[in-house]
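Have a look at the structure below before the remarks.
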Amino acid sequence: NRVFEEEGVPWSAYGQFSEIHFFTNPDGRALKPSEFDPFKLKRKDFKADKTMVTRFRLGLMINGMDINGKLAGKVSAVHTDADLDHSAEAVRGSVRMLKSEGALAG
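Under this note's numbering, think of the first position of the sequence shown as 7, with each following residue one higher.
Structure representation (structure tokens):
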């Protein structure tokens with residue numbers, strides 16, 4: 007979420023236990039990523055812009071992070087701090103690619 011805030015993108019990473027999800031904010035809500043609470047939204051609010059989801063996921067893969075097509079992935083005890091840093095930089099790289107292509111404002 008720090009990456010999203012630094013990049014000026016109103017998206018959020020969230021999850022419980024060993025799962026991470028990305029909220030790409032298809033309705034353009036005003037939100038601060040570090041304060042995002044998925045429990046305040048309704049199920050319908052999580053609809054996704056399939057084109058944006060695909061672009062973001064491809065950007066992540068190009069930058070060394072693979073998650074599933076629903077923008078979710080697993081986190082486990084074997085992930086090191088270096089892995090987490092790499093993941094954050096993959097998110098940053100993907101966001102910057104989307105911005106440079108004009109697919110994402112910010």
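Don't be surprised by glycine CBs; every beta carbon is placed ideally from N, CA and C.
It should be emphasised that the depicted structure is a prediction, and the values quoted were computed from it without experimental measurement.
The three-state reading of DSSP puts Lys105 in helix, counting H, G and I together. Here Gly65 is buried. Its C-beta has 16 or more other C-beta atoms within 10 Å. Asn31 counts as buried, since at least 16 other C-beta atoms from the protein chains shown sit within 10 angstroms of its C-beta. DSSP places Phe23 outside both helix and strand once states are collapsed to three, so it counts as coil. Pairing Val9 with Val84 gives a Cβ-Cβ distance that is not under 8 Å. Residues of the same chain with a CB within less than 6 Å of the CB of Pro16, apart from the 5 flanking positions on each side, are Asn31 and Leu37 in chain order.
Bridge pairing for Ser18: Phe29 [DSSP]. Per the DSSP secondary-structure output, Lys80 pairs in a beta bridge with Glu25. By the criterion of at least three beta-carbon pairs nearer than 8 Å, the segment 38 to 51 is not in contact with the segment 92 to 101.
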